[in-house]
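Quick note: the sequence shown uses the numbering used here, first residue 4, plus one each step. Worksheet for the structure shown next.
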Amino acid sequence: MASGRRKKSKEEPAVKQEDKKEDKPVKRRRSADGDRQFRDDKRQRTSPENDRRIRQKIERPGVPAPTRTSAFVVPDRPSPPFREDDKDGHFVYELGDNLTSRYKILSKMGEGTFGRVLECWDRKNKEYVAIKIVRNVQKYRDAAMIELEVLNTLEKNDAEGRWHCVNLLEWFDYRGHVCMAFEKLGLSLYDFLRRNGYTPFHVNLVRSFGKQLLESVAYLHDLQLIHTDLKPENILLASLEYSKHSEMPTTRGAKRMPDNSDIKVIDFGSATFDDQYHSSIVSTRHYRAPEVILGLGWTFPCDIWSVGCILVELATGDALFQTHENLEHLAMMEAVLDKIPEHLAAAANAAARKYFVTRRDKLVLNWPGGAASRRSVRAVAKLSPLKTLMSSLGDKSLRPHLDALLDLLMQMLRYDPKERITAHEALRHDFFRMGAAATPTSNGRVRPEKKETSATAEPAEAAVLGLGGSGSGKGSSQVTEGASKPGTTKVEEPVPPEDAE
């Protein structure tokens with residue numbers, strides 16, 4: 004077989020043999036959050052009278068019509084024999100199976116609380132897709148229908164796809180499983196950080212990611228939607244391509260930078276309209292706002308807090324609040340930001356009031372007296388104020404940009420949600436109006452050492468599309484031996500399997 008770039012094939016790609024190996028657990032810098040009961044809350048819909056309170060310009064069309072599988076029939080490619088689901092209600096499959104006559108299963112991309120995501124070949128449109136297959140359990144089916152309603156609302160109000168939300172292609176019900184076909188995207192920002200040794204993103208990329216993320220959040224909030232689960236795992240790069248750079252101000256050695264900074268927000272399974280029932284706990288622990296922990300109720304500002312935590316993580320390479328316990332979490336907030344305002348402590352619900360004590364007629368956090376362990380005390384003591392943390396980043400040429408970012412973060416991470424900056428206000432901040440920061444360049448341009456795809460070093464981890472857990476699996480791209488330019492790796496076009504017509 005000749006090396007080099009292949010001509011585009013309209014045939015089916017081959018099932019990837021390496022994906023038949025048993026998946027190995029991926030080591031994570033952050034362990035999965037155990038406090039995720041908000042995922043299991045069955046959301047309650049409000050009456051039509053309450054729905055009419057939403058602004059008239061917003062279209063809430065409900066659940067989109069399912070794909071009619073009879074519209075695309077290939078008699079010679081039937082679905083496999085019926086298999087029982089596993090004990091947890093997960094769909095059981097084999098690589099190479101048909102998922103209806105339209106889709107061929109190529110690889111497993113991820114697995115989580117809600118179900119599994121499979122990379123499939125769409126025979127109708129001749130493209131790779133990521134299909135989220137929800138567990139055949141009623142509460143997860145109910146949650147999937149809510150997610151479909153949200154996705155339909157997002158699409159109907161943004162036909163041009165301007166606001167960086169993942170695109171739902173089709174959905175169908177298959178053997179008791181709600182299946183959603185999404186466009187196939189690149190790595191999540193978390194996975195890109197992990198593969199890069201948790202090296203911080205350059206401030207120019209932080210600005211680009213932050214602007215797009217806030218545009219998406221502003222769009223959601225205009226639709227009266229709260230995402231409630233924003234985190235780096237739920238922000239995906241649109242492309243797998245990246246370059247290696249050896250002289251970036253915030254990196255050590257040759258590190259990766261994405262060639263395309265376009266992103267998409269995913270996982271709308273926990274998104275909630277503001278006039279609907281609000282569960283008591285939302286957000287993954289590291290990105291959870293103080294009003295949620297204190298039981299004060301939550302609305303749009305909880306998303307802004309999450310965005311602030313995300314931007315710190317992108318700029319530093321580390322999650323800001325690495326904890327799994329409420330009191331320790333609040334103590335970390337005080338170590339990084341400031342004391343929790345007394346009026347918020349006084350308004351906390353009964354469960355959260357136990358974290359505070361009265362000293363000199365003031366309600367203060369019971370820390371370190373209430374700490375669960377010495378390890379917890381040490382973890383909080385190691386933290387630096389956010390201003391100190393940001394001042395340690397980059398060189399002098401980046402200082403104006405990092406100072407502007409710090410000012411934005413301080414407004415996003417205000418304890419009182421009423422005082423927190425909104426998404427639209429944040430987009431008008433000076434940080435997003437500044438020009439690009441300087442980088443070590445030749446004639447003002449960054450010198451990449453090598454241009455690659457994420458499939459070069461290891462198989463690409465694809466988006467798990469909001470499965471309620473971290474996914475790991477094999478990617479879709481195969482790499483040719485040759486390339487059209489020296490130092491550049493090209494992605495191989497789909498390879499037809501043995502049973503291709």
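The beta carbon of each residue, even a glycine, is placed where N, CA and C say it ideally should be.
Proximal residues to residue i (C-beta, below 6 Å), its chain only, five neighbours per side dropped
| i | result |
| --- | --- |
| W308 | A292 |
| S445 | With a pLDDT of 35 at S445, under the threshold of 50, the modelled position of that residue is not reliable, and the figure given next carries that caveat. Around S445: no qualifying Cβ. |
| S379 | E331 |
| L396 | L405 |
| A147 | V137, V181 |
| M393 | L405, L409 |
| P261 | L240, Y245 |
| Y96 | I108 |
| Q59 | Only weak support exists for where Q59 lies, its pLDDT of 44 falling under 50; the coordinates are left without a value. |
| L157 | C168 |
| L430 | L217 |
Exposed unless 16 or more other CB atoms sit within 10 angstroms - verdict on residue i
| i | result |
| --- | --- |
| Y358 | buried |
| F276 | buried |
| G164 | exposed |
| T391 | exposed |
| Y245 | buried |
| R381 | exposed |
| Q227 | buried |
| R259 | buried |
| K421 | exposed |
| K399 | exposed |
| E114 | buried |
| Y280 | exposed |
| D376 | Here residue 376 is Ser; the residue named in the question, Asp, does not match the sequence. Classification of S376: exposed, given that the 10 Å Cβ count is below 16. |
| A162 | exposed |
Same chain only: Cβ atoms within 7 Å of residue i, ignoring 5 sequence neighbours per side
| i | result |
| --- | --- |
| H404 | V206, M437, A440 |
| D344 | The sequence given here places Pro at residue 344; Asp does not occur at that position. Y418, D419, listed in sequence order. |
| H427 | A221 |
| V360 | V367, N369 |
| H93 | G118, R119, R138 |
| N160 | I61, E62, L226 |
| R210 | F434, F435 |
| L233 | Y290, D306, S309, V310, I313 |
| L416 | W308, G311, L340 |
| R144 | V137, V181 |
Paired residues, beta bridge with residue i - DSSP
| i | result |
| --- | --- |
| A133 | E122, F185 |
| T275 | I229 |
| G113 | V120 |
| K142 | K142 pairs with nothing; no bridge assigned. |
| P261 | Y245 |
| P107 | One point to set straight first is that residue 107 is Lys, not Pro, in the sequence displayed. Per DSSP, N101, W124. |
| T361 | L366 |
| C168 | V268 |
| L177 | Looking at the sequence provided, one finds Tyr at residue 177 rather than Leu. Looking at the DSSP assignment, Y177 forms a beta bridge with H180. |
| I238 | V268 |
| S191 | L239 |
Selected residue, minimal CA-CA separation from residue i, among the options
| i | options | result |
| --- | --- | --- |
| S82 | D145, E244, E337, G99 | G99 |
| F117 | A334, K342, T361, G272 | G272 |
| E236 | R423, L188, A348 | L188 |
| A133 | F94, C305, K111 | K111 |
| P371 | L401, A348, L333 | L333 |
| L386 | L411, R356, I284, D341 | D341 |
| W124 | R105, I238, E294 | R105 |
| I544 | Q414, L430, Y201 | With the chain represented from 4 up to 504, any question about residue 544 goes unanswered, as that position is not in the structure. |
| R402 | D278, F303, L430, T442 | T442 |
| F185 | D232, K135, Y143 | K135 |
| A274 | S282, T231, K247 | T231 |
| G200 | R363, H224, R431, T319 | T319 |
| L154 | S286, L121, I229 | I229 |
| H346 | N329, V339, K365, A338 | K365 |
| D278 | N101, T302, V285, S286 | T302 |
| A384 | L208, V339, L243 | V339 |
| I284 | N329, H248, N263 | N329 |
| G373 | L411, R356, P388 | R356 |
| D176 | L102, T202, A407, S242 | L102 |
8 Å CB neighbourhood of residue i in its chain, flanking five on each side removed
| i | result |
| --- | --- |
| L151 | V66, P67, L171, W174, V181, M183 |
| F85 | R178 |
| M336 | P293, F324, I343, Y418 |
Residue-chain proximity (residue i, chain B), Cβ-Cβ < 8 Å
| i | result |
| --- | --- |
| A318 | Among the chains of the structure shown, chain B does not appear; only one protein chain is present. |
| query | Counting pairs of beta carbons, one from the stretch 81-95 and one from the stretch 61-68, are three or more of them closer than 8 Å? | reply | Touching, no, given that fewer than three Cβ pairs across the two stretches are closer than 8 Å.
| message | Does the contact criterion of 3 or more C-beta pairs under 8 Å hold for the stretch 280-291 versus the stretch 183-194? | response | At 8 Å Cβ cutoff, the stretches do not touch.
| task | Mind the definition here: the stretch 267-278 touches the stretch 154-174 only if three or more C-beta pairs lie below 8 Å; say whether that holds. | result | Segments in contact, yes.
| Is the stretch 297-315 touching the stretch 342-356, taking contact as three or more C-beta pairs under 8 Å? | Under the Cβ criterion (8 Å, minimum of three pairs), the stretch 297-315 counts as touching the stretch 342-356.
| With contact counted as at least three CB pairs below 8 Å, one residue from each stretch, are the stretch 128-136 and the stretch 211-218 in contact? | Touching, no.
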